[in-house]
Amino acid sequence: MATFAIAVKVWNPADPSRVAEVDALVDTGASYSWILRSRLEPMGVQTVRRLKFRTIEGHTIERDLAAVFLSAGGYTGGDNVVMAESGDIGVLGAHSLESLGLAVDPVNKKLMPLVVALGL
174 MATFAIAVKV WNPADPSRVA EVDALVDTGA SYSWILRSRL EPMGVQTVRR LKFRTIEGHT
234 IERDLAAVFL SAGGYTGGDN VVMAESGDIG VLGAHSLESL GLAVDPVNKK LMPLVVALGL
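Structure below.
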């Protein structure tokens with residue numbers, strides 16, 4: 174697992190003029206990206222569904238997912254992200270990295286373009 178911090182732009186796909194820049198921990202061990210609800214709701218981002226997550230301590234928590242567009246490392250993509258609550262950590266996870274077409278260079282702690290394999 175590789176982790177390091179990065180600035181991520183996030184916006185509402187229904188209103189691209191509403192953009193926020195957030196700091197996130199790049200975490201290849203996290204499936205979803207986590208962005209604070211308090212940053213998403215002012216942009217009019219809407220919940221699409223609710224999921225259960227198991228914490229590292231073994232507790233089950235529930236969080237809402239929201240559809241957004243993201244930009245990191247000069248690349249843009251769309252994804253469903255977790256609407257994180259106060260006390261949750263901002264994370265750029267594996268789904269978003271794949272959507273952005275990015276891989277992680279853990280040695281140099283940076284993002285790099287991904288070469289995608291065809292499933293033929």
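Numbered according to my numbering, the sequence shown spans residues 174 to 293. Don't be surprised by glycine CBs; every beta carbon is placed ideally from N, CA and C.
Going by C-alpha to C-alpha distance, which of the options sits closest to residue i?
| i | options | result |
| --- | --- | --- |
| Thr220 | Arg236, Tyr205, Asp278 and Ala276 | Arg236 |
| Leu238 | Glu230, Arg222, Thr201 and Ser244 | Arg222 |
| Gly260 | Leu243, Ser211, Pro286 and Arg191 | Ser211 |
| Val241 | Ile234, Leu284, Glu214 and Ile262 | Glu214 |
What does the Cβ neighbour count give for residue i, buried or exposed, with the cut at 16 atoms within 10 Å?
| i | result |
| --- | --- |
| Arg227 | exposed |
| Gly202 | exposed |
| Met310 | Summary: the structure shown does not reach residue 310, with the chain confined to residues 174 through 293, and so no result is reported for it. |
| Ser269 | buried |
| Leu243 | buried |
| Leu265 | buried |
| Ala187 | exposed |
Below 6 angstroms CB to CB, which residues in the same chain sit around residue i once its five sequence neighbours on both sides are set aside?
| i | result |
| --- | --- |
| Gly247 | none |
| Phe177 | Val199 and Lys282 |
| Glu194 | Ala180 and Lys182 |
| Asn185 | Arg191, Met216, Gly217 and Val218 |
Straight-line CA distance for residue i to residue j?
| i | j | result |
| --- | --- | --- |
| Thr249 | Leu275 | 10 angstroms |
| Gly217 | Ala290 | 36 angstroms |
| Gly292 | Glu271 | 15 angstroms |
| Leu273 | Ser204 | 14 angstroms |
| His232 | Ala257 | 16 angstroms |
Going by beta carbon distance, what residues of the same chain come within less than 8 angstroms of residue i, once the five residues before and after it are set aside?
| i | result |
| --- | --- |
| Pro189 | Phe242 |
Please list the segments of the beta strand (DSSP E) lying wholly inside the stretch 220–252, counting only runs of 3 or more residues, in order along the chain.
Correct list: 220–227 and 233–245.
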